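Single-structure report; data block below.
Residue numbers (this note's numbering), protein chains in the order written: chain A, 1 to 340; chain B, 1 to 340.
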């Protein structure tokens, strides 16, 4: 499993589009204690509101990694960012990037990192070899977030569940499966970058045996209903062996994002199909709640939606950003062994 | 997509266990016109019944590839086979291997192949980058073989269907997704070696647009019910967009092979779940028959099994090795557009 050195200095390059700083914002919001400050080129107009610290000064204050906090369309690493990256290497920091372009595709960076004894981490890629899955049941409890589609809150929901469990005194670990999640957690596996034969095995590696009353909260990927990525979703689900899952959904979507001909499932159909799939490796797997991105709804519309769907499904229906996930956490706590 | 140079010289190394020559037997049986002969070390006791031809003589008679016909447990390439492989390279043949050990992990082979201008093909691995799936419906008809488990006749059934369709005057192409299939077809994609995000995209690449009355017969991999490999199965199924599928099953198995805690599904449950999964990318996908490995049954038991299950499922129930797959092909022909 990939492990990153914290704390981080967040790099914003020459960003001028605020939404491009999604990764930096995620880190600022979800691991504020692990973030020392931000740095950028003079041309940048975007800031995430942190103290500006140059690489050398950040390293002197203990920064372990220089993290590219920008996820631009196309994911290319611009050449004019390289001097700052070299400065960070010289200062002794590891470099962490979620860009499509690999840091290791720049021979000068590879050479500089080797000379200074620091690591280049391309968290979107993985060259790690994982074993094939064994199906062996592991100790500890597991909850997975799954979705009707991609990019509708599976990471956010998993983080919110982890935070809420911890706040209630339950031991819980967020298990990251995507690039931003890995940066937040400081470790994880970019599951969609794993060779397909070993996806379930990688998922088994990600959430090893743990204490019987400990929860691993596993960040889902893709969707069983997605024409391109359902295989990733299924392999991750099987290797995770979840006892419980939370279905994530955005009611404003009418079809799979970017795939107009592919309708979204209904909530009860999605729950039924995820339950059926999860039963392959854990016969007790069941849905413990629905996490909704309600950002397009008025307060009244959301209240009615949550009430109606909760009644219909017999499950808590929450929005992590609007009321939190405590009703779902109640169900997880009810499943937690009390004497261990 | 990987493409291999035919005809082949089959290499048996120093094999002494007949079942290790599975790959060579498959090639001898399924593409006899593409096989010039066999070659082996003096210590070998195994033969697949072909004419012995040394590499230089085979090359002089037009052999395009020297194919490792042995799939030993562990999949390691023994050092004492290297002189014969070097001789084949010197003779100007490509080398084709389905071993776990990559040919390209031997610097001397890489150097020799480069000097002689021939290719080293590790068909179990792939370094090709595939696009993500688009879900776009492609022209032509497609039938996929799927299974209740791994290794129970999906490749064999796909080859038998292709042969039977062709014999009936229907244009059909076997689309290989595993190492032996790729060697037989001379092309294909080792789908379980593809990075998981791109499995469905690779499957789309494997069976491109074709004539409306042409059938692609797609070799299935793994099983939706397998705790380690279901993700591969699902991605391949989605990218294949099959109009029809054939369920393969071995009634002598009581659980997933090598996974004692994991029961096999019933035939009707398997058909229902494959239909549901296939509908994500093709709403017309349906089961057209069941292919059984009946080798453990007496003639009377097989006749009763086929009759009872055919009646119960409303589908042809065939064994490609015992009566053939014509009843399934009848259903495919009924689905073939007649005027194009």
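Just so it is clear, CB atoms sit at the ideal spot from N, CA and C, and this is done for glycine as well. Quick caveat: nothing in here was measured; it's all calculated off a predicted structure.
Measuring only the C-alpha atoms, how far is residue i from residue j?
i, j, result
"residue 309(A)", "residue 246(A)", "14 angstroms"
"residue 24(A)", "residue 202(A)", "27 angstroms"
"residue 196(A)", "residue 174(B)", "22 angstroms"
"residue 35(B)", "residue 267(A)", "54 angstroms"
"residue 68(A)", "residue 42(A)", "16 angstroms"
"residue 261(A)", "residue 337(A)", "45 angstroms"
"residue 95(A)", "residue 55(A)", "11 angstroms"
"residue 75(B)", "residue 102(B)", "10 angstroms"
"residue 232(B)", "residue 218(B)", "14 angstroms"
"residue 358(B)", "residue 316(B)", "Since the first residue shown for chain B is 1 and the last is 340, residue 358(B) is missing from the structure and cannot be characterised."
"residue 161(A)", "residue 108(B)", "54 angstroms"
"residue 88(B)", "residue 194(B)", "29 angstroms"
"residue 192(A)", "residue 221(B)", "19 angstroms"
"residue 132(A)", "residue 198(A)", "5 angstroms"
"residue 6(A)", "residue 112(A)", "21 angstroms"
"residue 327(A)", "residue 204(A)", "28 angstroms"
"residue 3(A)", "residue 128(A)", "12 angstroms"
"residue 66(B)", "residue 44(B)", "17 angstroms"
"residue 289(A)", "residue 165(A)", "15 angstroms"
"residue 188(A)", "residue 207(A)", "10 angstroms"
"residue 321(B)", "residue 300(B)", "16 angstroms"
"residue 21(A)", "residue 318(B)", "58 angstroms"
"residue 334(B)", "residue 244(B)", "11 angstroms"
"residue 117(A)", "residue 38(A)", "23 angstroms"
"residue 225(B)", "residue 1(B)", "28 angstroms"
"residue 32(B)", "residue 9(B)", "11 angstroms"
"residue 239(B)", "residue 53(B)", "41 angstroms"
Does the Cβ of residue i lie closer than 6 angstroms to at least one heavy atom of the ligand ZN?
i, result
"residue 43(B)", "Ligands are entirely absent from the displayed structure, and the ligand ZN is therefore not among its contents."
Go ahead and pull the three-state DSSP assignment for residue i.
i, result
"residue 337(A)", "coil"
"residue 17(B)", "coil"
"residue 65(B)", "strand"
"residue 229(B)", "coil"
"residue 328(A)", "helix"
"residue 279(B)", "coil"
"residue 53(B)", "coil"
"residue 291(B)", "strand"
"residue 322(A)", "coil"
"residue 23(B)", "helix"
"residue 37(A)", "strand"
"residue 2(B)", "strand"
"residue 10(B)", "strand"
Just to check my reading of the structure: residue i and residue j have Cβ atoms closer than 8 angstroms, yes? What is that Cβ distance to the nearest angstrom?
i, j, result
"residue 241(A)", "residue 154(A)", "No, residue 241(A) and residue 154(A) are not in contact; Cβ-Cβ is about 17 angstroms, not under 8 angstroms."
"residue 190(A)", "residue 142(A)", "Not confirmed; about 19 angstroms, so no contact."
"residue 148(A)", "residue 223(A)", "6 angstroms"
"residue 98(B)", "residue 179(B)", "4 angstroms"
"residue 46(A)", "residue 83(A)", "Residue 46(A) to residue 83(A), Cβ: 19 angstroms. No contact."
"residue 230(B)", "residue 271(A)", "With 8 angstroms as the limit, residue 230(B) and residue 271(A) do not qualify as a contact, their Cβ atoms being about 19 angstroms apart."
"residue 177(A)", "residue 236(A)", "6 angstroms"
"residue 234(B)", "residue 234(A)", "5 angstroms"
"residue 227(B)", "residue 140(A)", "At roughly 18 angstroms, the Cβ-Cβ gap does not stay under 8 angstroms, so residue 227(B) and residue 140(A) are not in contact."
"residue 59(B)", "residue 92(B)", "5 angstroms"
"residue 184(B)", "residue 27(B)", "6 angstroms"
"residue 14(A)", "residue 80(A)", "6 angstroms"
"residue 168(A)", "residue 329(A)", "6 angstroms"
Point to revise | Under 8 angstroms (Cβ pairs) to chain B, residues found in the region 176 to 194 of chain A | key: Of all residues in the region 176 to 194 of chain A, only 191, 192, 193 and 194 come within less than 8 angstroms of chain B when Cβ atoms are compared, listed by chain position.
Exercise for review: Could you name the residues of the region 235 to 246 of chain A whose beta carbon sits closer than 7 angstroms to any beta carbon of chain B, in the order they occur along the chain?
Suggested key: So the close ones are 235 and 238.
Practice item. Enumerate, from N- to C-terminal direction, the unbroken beta strand (DSSP E) stretches of 3 or more residues contained entirely within the region 68 to 148 of chain A. Key: Whole beta strand (DSSP E) segments, 3+ residues: 94 to 97, 120 to 122 and 141 to 147.
Practice item. Entirely within the region 238 to 267 of chain A and at least 4 residues each: give me those alpha helix (DSSP H) ranges in chain order. Key: Note on the region 238 to 267 of chain A: there is no whole alpha helix (DSSP H) run with a minimum of 4 residues.
Check your understanding: Mind pulling the beta strand (DSSP E) runs of 3 or more residues that sit fully within the region 137 to 223 of chain B?
Key -> Runs found: 141 to 147, 172 to 175 and 215 to 218.
Point to revise | Residues within the region 109 to 133 of chain B neighbouring chain A, beta-carbon criterion of under 7 angstroms | key: Correct list: 132 and 133.
Practice item. Name, going along the chain, the residues of the region 260 to 282 of chain A whose beta-carbon falls closer than 9 angstroms to a beta-carbon of chain B. Key: For the region 260 to 282 of chain A, which is checked against every Cβ of chain B, the residues closer than 9 angstroms are 261, 262, 273, 276, 277, 280 and 281.
Practice item. Could you name the residues of the region 194 to 207 of chain B whose beta carbon sits closer than 8 angstroms to any beta carbon of chain A, in the order they occur along the chain? Key: Answer set for the region 194 to 207 of chain B: 194, 195, 196, 197, 199, 200 and 201.
Check your understanding: Using Cβ-Cβ distances below 7 angstroms, what residues of the region 217 to 228 of chain A are close to chain B?
Key -> So the list reads 225, 227 and 228, given in the order they occur along the chain.
Practice item. Could you name the residues of the region 146 to 159 of chain A whose beta carbon sits closer than 8 angstroms to any beta carbon of chain B, in the order they occur along the chain? Key: For the region 146 to 159 of chain A, no residue has a beta-carbon sitting nearer than 8 angstroms to a beta-carbon of chain B.
**Study point:** Short-range partners of chain B found in the region 78 to 104 of chain A, where Cβ spacing is below 7 angstroms
**Key:** Within the region 78 to 104 of chain A, no residue has a Cβ that lies closer than 7 angstroms to any Cβ of chain B.
Point to revise | the region 63 to 74 of chain A: positions lying closer than 7 angstroms to chain B by Cβ | key: Hits within the stretch: zero.
**Study point:** Members of the region 17 to 48 of chain A that neighbour chain B once the beta carbon cut-off is set at 7 angstroms
**Key:** Against chain B - using a Cβ distance shorter than 7 angstroms - the region 17 to 48 of chain A contributes no residues.
Point to revise | Interface positions of the region 287 to 319 of chain B facing chain A (Cβ-Cβ less than 9 angstroms), listed along the chain | key: Within the region 287 to 319 of chain B, no residue qualifies.
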